Amino acid sequence: MQTASIFNGIYVVQKKISSGSFGVVLLGQDKERNVDVAIKIEKEENEDVRSLEREVQVLERLQGTDGVPKLLWHGQQDEYNVIILQLLGKDLSHFMKTKKKFSFKTTIQLGIQIVHVLERIHNKGVVHRDLKPENILFGIEDESSKIYVVDFGISKIYRDAQGNILPFRDNASFIGTTRYASIAAHKGHELSRKDDIESLIYVLLYFMKGQLPWQNMQNVSDEERTVKVGEMKMNMDPRELCKDVPIEFAKILEYLKQLQYNSDPNYYFVYHQFEKAAENQGIQLDNIFDWDQQQQMKISQSNNENIDNLQRSNTQQQLQPPQSTEMKKSIEKQGSNLIRQLSNNQFLIPPSQLKRQDSQQPSVVSGSVMLSTYNSIRPKYQASQMAFDIKVCDDNSPQDINQNMKQTAETGNQNGGQNSCAETVCWKDSVFEENFEEIPLAKKYGMLKQKGVEIPKKRKTSQSPIKQRKKN
Ligand SMILES: Nc1ncnc2c1ncn2[C@@H]1O[C@H](COP(=O)(O)OP(=O)(O)O)[C@@H](O)[C@H]1O
Ligand SMILES: [Mg+2]
């Protein structure tokens, strides 16, 4: 066993943020720039899924997209695939755990931001395919009200190098997370942009209602659940599904139902419906969320205490003139604090300046309470049929990914047109959550120490296996 708590010589592991379906996410520090980062490591047993390899390819394409984290480094160490990402704040499942439901206002504000991020991701040729609360995060510091979308492990580039949308297929396996998957996903259709928006609506309904009608199915296998949930989604009238929430949500679902695989979704229609819902409910869209309001209330309470204190001290001042400079200073300090806090309270703070106290804390992904309805199914990864417009070189020979992709596509066709998702791998998120000491990961990575993670040293280290593997 060897301690491997530094990646690429500069990213120092600090503690675990989350164990997800396919890997661990750790908090780290870039010791050269002295900034915090997120470190995502692929689990060895999932290597054939190649989720991280796909994620790197998609993230590279998405770099510079507002609402997508920066990819700071990727490579391999001790035979673990690693990516280093811009550190973000908590994911939305964290807030659902503490709040149980979100207000219309919070939900609509989230909806507007997320649909904009999706639009930008789609414009870069990518469909996410696994939108869910765990994959939607706030930023940190002055971005603590800004939404990011993460986890591109099962995303897909839906346009070829010429910009054409890849052909529709309907023989795919189910992909995504049952609770939020689109109807097309249940039908085994190739997913497209409309499906990300449909999942977004299910996510938002879940926020407002606290649960979805297809949760908590008892005594059914994963396969049966996928079929049954799909049937419920298909048969339920959007107006019935959205009966306790603003009517605009049903209108969006009705609109999405009309779209075809290759339709260009009208994003404006979607976020305009959210805005209309806010207007009809008399909601002011100021980017203050349910949890910020609590924070504001605390500030306001402490302001009141300060006012009392100041009034008391002013009275004392009148009765008893300041005896010393210390006392004067103390009163001045108290006064200026009060001014600062009052101005926070009385004037609307621009959203970007709103900071939650907890926003620096890394989020911990849920141990899934509803284990049975919470599975995320990912395809066994093979190179997809689209052409990448990037070239990757390995140590010895330049490798044209496009060429490699084409070969894979041809092989796929020889196999009777079977798509690359035929084999699925299903992981229940909660398996790794309950007790870190007992999880399989602990055996693999060693126990988390106070300041790092012990990772058993494997044979030799190579520079970039992510790239090397493409040759095979
Ligand atoms: N850049 C990041 N900064 C902070 N936390 C992150 C970051 N990326 C992911 N996380 C946290 O780790 C969890 C798992 O990451 P994710 O990329 O979704 O991996 P998985 O494939 O395991 O679901 C997320 O739900 C989120 O809570
Ligand atoms: Mg995830």
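Numbering follows UniProt numbering, in which position 409 of the sequence shown is assigned residue number 409; successive positions increment by one, without gaps.
All C-beta atoms, glycine included, are put in the ideal place defined by N, C-alpha and C.
Every value quoted in this text rests on a predicted model; they were computed, and no experiment measured them.
Spatial distance of residue i from residue j (CA atoms)
i	j	result
S155	L71	16 Å
K243	G125	34 Å
K194	G9	42 Å
Q14	L85	14 Å
K233	K187	11 Å
S263	S192	9 Å
S199	L131	6 Å
A278	A161	40 Å
I165	Q301	55 Å
S221	M236	22 Å
residue 479	W214	With the chain covering only 1 through 472, there is no way to say anything about residue 479.
G23	K40	7 Å
residue 559	Y255	There is simply no residue 559 to check, as the chain begins at 1 and stops at 472 in what is shown.
G64	K16	27 Å
E231	N34	51 Å
Y206	N81	34 Å
S145	L26	22 Å
K257	I201	12 Å
L212	E42	31 Å
H128	R61	13 Å
I288	L59	29 Å
P238	M297	37 Å
R225	Q218	9 Å
P133	I121	17 Å
V245	E143	29 Å
N216	Q57	36 Å
Member of the options whose CA lies at the smallest distance from the CA of residue i
i	options	result
L253	D244, Y148, V270	V270
R50	F207, V149, I83	I83
L241	Q218, Q273, V203	V203
G163	Y80, N123, E190, A250	N123
L92	D292, L62, I147	I147
W291	K40, R33, Q215, K99	K99
N135	W73, V227, I114	I114
K276	F289, A250, D196, I288	A250
Y158	F102, Y261, E248	Y261
P167	K40, V37, H189	H189
L110	M236, L137, V150	L137
Q284	T226, V24, I108	I108
M208	S103, H116, N219, E42	S103
G210	T226, V229, R179	R179
Y267	Q76, H116, I183, N287	H116
V227	D286, V37, Q77, I183	I183
A38	Q57, H74, P238	H74
A181	P265, V229, Q57	V229
Residues near residue i in its chain [Cβ-Cβ closer than 7 Å; skip 5 each side]
i	result
V12	S5, I6, G28, Q29, K31
A185	F174, I175, G176, L191, D195
residue 475	What the structure shows of the chain is the stretch from 1 to 472, and residue 475 is not part of that stretch, so it cannot be assessed.
P265	R193, K194, I197, L259
Beta-carbon contacts of residue i that lie in its chain and below 6 Å, excluding the five residues immediately before and after
i	result
E55	F152, G153
K105	I283
D36	Q29, L87
G416	Caution is warranted here: a pLDDT of 31 is assigned to G416, below 50, making its placement in the model unreliable, and no coordinate value can be reported.
Closer than 8 Å to chain B by CB, residue i
i	result
T178	The structure shown contains no chain B, having only a single protein chain.
8 Å CB neighbourhood of residue i in its chain, flanking five on each side removed
i	result
G282	none
E248	Q273, F274, K276, A277, N280
L118	H128, L131, V149, R193, D196, I197, L200, Y267
K101	F207, M208, K209, G210
I112	Y271, F274, E275, L285
Worksheet entry | Given 8 Å, three or more beta-carbon pairs between the region 169 to 177 and the region 59 to 75 | no
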